[in-house]
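Contents: one structure, followed by commentary.
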Amino acid sequence: MNSIARSLHRAASSPGKTLLPILATTALWIATSSGGLAAESSGLAATATPVDQLKVLDGFKVELLHSVPREQQGSWVALTPDPKGRLIVSDQYGKLYRLTPPPIGSADELIIEPIDLPIGQAQGLLCAFDSLYVMVANEAYEGRGLYRVRDTNGDDQYDEVKLLRKLEGGGEHGPHAILLSPEGDSLFIIVGNQTTLTDIDASRVPLNWGEDHLLPRLWDGNGFMRGALAPGGWIARTDPDGEHWELIATGFRNEYDAAFNRYGDLFTFDADMEWDMNTPWYRPTRVCLVTSGAEFGWRSGAGKWPPYYPDNLPGILDIGPGSPTGVAFGYSAKFPARYQNALYICDWSYGKLYAVHLTPDQSGYQTEAEEFITGSPLPLTDLAVNPADGALYFAIGGRRTQSALYRVTYTGNESTRPARASNAGARARALRRNLESFHGRQDPAAVRAVWPHLDHADRYIRFAARIALEHQDPAGWHERALTERNPQASMTALLALIRTGGASQQPRVIEALDRIRWDRLDQAGQLELLRLYSLAFIRLREPGDAARERLISKFDPLFPAKSPELNAELAQMLVYLEAPSAATKLMAMLQSAPTQEEQMDYVRALRVLKTGWTLEQREEYFRWFLKAASFKGGSSLAGFLRDMKADAVANLNEDHLAKLKPIIEAQAEVKTPGEALTDRTFVKDWTLDELAPLVERNLRNRDYDRGRSMFGTTGCFACHRFNSEGGAIGPDLTGVAGRFNPRDLLESIIDPSKEISDQYGSVILTKRDGSIVTGRIANLNDNNLRIIENMYAPGDMTHVNRRTVVSIEPSPISMMPEGLLSILTEEEILDLMAFLLSRGDREHRMFR
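Using the working numbering, read the sequence shown as starting at 887 and increasing by one per residue.
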């Protein structure tokens, strides 16, 4: 038992797994040429990360063109090419500059010219229509908003500034990027979720959004954006003069930039809420395909919609924790075809430039993310391909950190001829766009045109058809929606009806939903059906007593279901209906749930259940909060737990409140994750030679649920996501079967330090006073580094002044603890391995 205890204790007190390459910037930290870090006069503060300390894909070359002197030129956050092949850049808190890059391969230096105008502090720049468009995000010049800057006398110097549209809301969640439309006739405006929706003249998004929560929402545990309501971050289109505005999409958290592909589809990289990590409502940073009329479900606090809700669209690629900034396609770059066609996305926090490869899939896309360039620190802010020389330029900086401009060229042997467009997905995209042509307008032909596609297998096409329907006169299609017999078409049409109808239609809507056979739907269909019942109660009216009793008899036998998602939705429904069995059933599931996220789902629902409790169940419920005090996650976690408990206390009657006062007021004994794991009995120090033969021949008739439970028992869910559950500071393990065979997977668990990926290793920072900080560089602000030292507590960061660091080295010890399997039996290990290799498919042949 001592070995496992030591191992788990080391894990609990060790640094988190880094998402940064560990061979980072030792030379940067130690010295510029000589002299070390003993004084600021060493020049360190004015030196950007050297290119030889970056990890770059084979065949590509990175040049450091300019280390920005912060006191003179600030910290650059936006850039765009101009028609003459120069670059326009902006300091986050200062001026605009025009840069002339040296020819590729020359020894010339970058030419930098300040733009002599009283405007700057831009987070978006675009050269178009013989103008420079500037999105001011702070209080420069006449305040936040969209500006047009011109050269009126032809002397190649900008001399006129005009405010086209003032926008309310600023800073890093304010107005961001400006894009040229694919047709080249208009501008697309990208703004974050603290920007008030401007006056609009038209909308492709139906103007009927709501919060749409079945149970009362929990606001952010730290009070961030408390009271803020939909629509959240939004995207709009406007004409070159900024006069006519059309709303295109809503529901983002903080999408900073966006880009069109060659087929006219729009993509963005939306931010997570890192304070929500390790909660069930956490949504990672993600790439989104932004279609006409799209809604992406951001709601404040714990109210964010899960991606499976049919009234919003999912991301097409989850990245994980990060801070999205600039995005751009590689078109016009003199790169191999695969990299011309890639979508490049910048992660400011973790110093990663990803190349996202997109493969058409019906009218949408499958995705694969590849790390193109990484570094530490490398706070990427913006990027662009310069058509004049075919190079990719990117800037680092922001929040007054060290800024620089880099250039990326291809030096390999593959062809760099312009890539050809593909016809893959063209017919499906054409169908989607035909349906989208009805968005924002009424047309007598619309209902007939869209109805055959309400049951389409492509979610984007179904979504486009439903949005088109919501823009039409309800009198022309509501009755048809109520009588539609195709299950999927019925659900899509009824969703549109619920969002556009009135309370009087609720009984017939429920009747139509009752006709849909639960047992003939797959899980996605069952989740959609549950959402429709919920929306019928939220948007139309609450069920009466008779209907409530009938609905309880319908849903009560369905709980528990086979997936955490279904159980979360059914739990909310049973609590909403005040089902007599709700307390008993949900408390039983709470006791057996293997992840803190699943447990929090049950506790969140139960906090507002008023009836059906015994005193013993209430006591067990409040004892859970003593256990939850040891949970780890983002910085809002403790506040969410506090508020859930307060809501539950408010629902107690006087008798229960008096009797439960001791447990309610009890002080929790906070355990480290290692101490919590060692509560389980030690079984054996398993070896690879013992387990490998068992795994290779016995992965049949396994138990999916027990495997999932063991993933939680060993603490894996604390760091790793699997099938959309769990932490996010380690790699997502859902696709581990595609990277490891069973023996290799076992070896990586038993001996995690044998081979440490540079993507997930840890770094050791030695300070001038001799002290050491080990962990993951998660963020930086000016000269302040933020280090995650405990992988189980990603929200707890150690602050280190970079001037005090004398060396940074890779750690030879993996932050994944040894001995995790020592607390499992042979059968439990086999179930865990089957779970890991299943990709989240409980119908996999290993479980038959």
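Every residue gets a Cβ at the ideal spot worked out from N, C-alpha and C, and that includes glycine.
* Look up Cys1013 in the DSSP assignment and give the residues it is bridged to. => Leu1018
* Identify every run of the beta strand (DSSP E) within the stretch 1141-1201, keeping only runs that are complete inside it and at least 3 residues long; order them along the chain. => 1144-1146, 1152-1156 and 1171-1176
* Per DSSP, what kind of secondary structure is Val1494 in: helix, strand or coil? -> coil
* According to DSSP, is Lys1440 helix, strand or coil? -> Three-state DSSP puts Lys1440 in a helix.
* With distances taken from CA atoms, which of His1130, Asp1158 and Asp1151 is nearest Asn1140? -> Asp1158
* Asked: Is Thr1136 helix, strand or coil by DSSP?
  -> Of the three classes helix, strand and coil, the one that applies to Thr1136 here is strand, per DSSP.
* Taking the CB atoms as reference points, tell me whether Ala1219 and Leu1278 lie closer together than 8 Å. => Taking 8 Å as the Cβ cut-off, Ala1219 and Leu1278 qualify as a contacting pair.
* **Where Asn1670 falls: helix, strand or coil (DSSP)** => Looking at Asn1670 - three-state DSSP - the assignment turns out to be strand.
* Taking only the alpha-carbon atoms, compute the straight-line gap between Ala1281 and Asp977 and give it to the nearest angstrom. => 11 Å
* **Distance between Asn1537 and Glu1506 (C-alpha atoms, nearest Å)** => 16 Å
* Asked: Cα separation between Asn1181 and Lys1440?
  -> The question names Asn, but residue 1181 is Glu in the sequence shown. Between Glu1181 and Lys1440, the C-alpha separation is close to 30 Å.
* beta strand (DSSP E) segment containing Leu985, residue limits -> Leu982 to Thr986
* Asked: Is it true that the CB of Pro1068 sits closer than 8 Å to the CB of Pro1146?
  -> The sequence shown places Phe at residue 1146, rather than the Pro named in the question. Result yes, Cβ atoms of Phe1146 and Pro1068 sit closer than 8 Å.
* Asked: What are the boundary residues of the alpha helix (DSSP H) that Met1475 is part of?
  -> Ala1468 to Ser1478
* To do: Closer than 7 Å by C-beta to Ala910: which residues in its own chain qualify, once you throw out the five before and the five after it? Chain order, please.
  => Low per-residue confidence applies at Ala910: pLDDT is 31, beneath 50, and the placement is therefore not dependable enough to give any value.
* To do: Would you mind reading off the limits of the beta strand (DSSP E) that contains Pro1360?
  => No beta strand (DSSP E) contains Pro1360, which DSSP labels as neither H nor E.
* How close, in whole Å, do the beta carbons of Leu1444 and Leu1456 come, if the pair is a contact with beta carbons under 8 Å? -> 6 Å
* To do: Consult DSSP for Met1683 and reduce its assignment to one of helix, strand or coil.
  => strand
* For Gln1043, which three-state DSSP category applies? -> coil
* Asked: If you draw a straight line from the C-alpha of Ser1301 to the C-alpha of Ala1307, how long is it?
  -> 16 Å
* Would you say Gly1201 and Val1176 are within 8 Å of each other, going by their C-beta atoms? -> no
* **Contact under 8 Å by Cβ, Tyr983 with Glu957** => no
* For Glu1484, count neighbouring Cβ atoms within 10 angstroms of its own Cβ and tell me buried if that reaches 16, exposed if not. => That one is buried.
* Does the stretch 1488-1499 come close enough to the stretch 1097-1108 to have 3 or more Cβ pairs within less than 8 Å? -> As far as the Cβ criterion goes, the stretch 1488-1499 touches the stretch 1097-1108, which means the pair count is three or higher.
* Ordered along the chain, which non-local residues of its own chain (more than five positions away) have a Cβ less than 6 Å from that of Ala1720? -> Leu1585, Arg1588, Gly1593 and Met1732
* Would you tell me roughly how many angstroms separate the C-alpha atoms of Val1333 and His1342, rounded to the nearest one? => 15 Å
* So, do the stretch 1407-1424 and the stretch 1192-1200 have three or more beta carbon pairs nearer to each other than 8 Å? -> yes
* Asked: Is the CB-CB distance between Cys1013 and Pro967 below 8 Å?
  -> yes
* To do: Could you say which of Ala1623, Gly1298 and Lys970 lies nearest to Ala1223 if we only look at CA atoms?
  => Gly1298
* Asked: Is Arg1734 helix, strand or coil by DSSP?
  -> coil
* **Alpha-carbon spacing of Leu1244 relative to Glu1256, whole angstroms** => Straight-line Cα distance between these residues: approximately 11 Å.
* Ala931 in three-state terms, based on DSSP -> For Ala931, the predicted structure reports a pLDDT of 42, less than 50, and the residue's modelled location is therefore unreliable. A value from the coordinates is still provided. In the structure shown, Ala931 sits in a helix (DSSP, three-state: H, G or I).
* Going by alpha carbons, who is nearest to Gly1096 out of Arg1625, Ala1422, Phe1110 and Pro1117? -> Pro1117
* **Element boundaries [beta strand (DSSP E), containing Asp1400]** => Judged by DSSP secondary structure, Asp1400 falls outside any beta strand (DSSP E) and instead within the alpha helix (DSSP H) spanning Gln1392 to Asp1400.
* Quick one: what does DSSP say Pro1338 is sitting in, helix, strand or coil? -> helix
* Asked: With respect to the beta strand (DSSP E) encompassing Pro1246, which residues constitute its N-terminal and C-terminal limits?
  -> Element bounds for Pro1246: Lys1238 to Asp1247.
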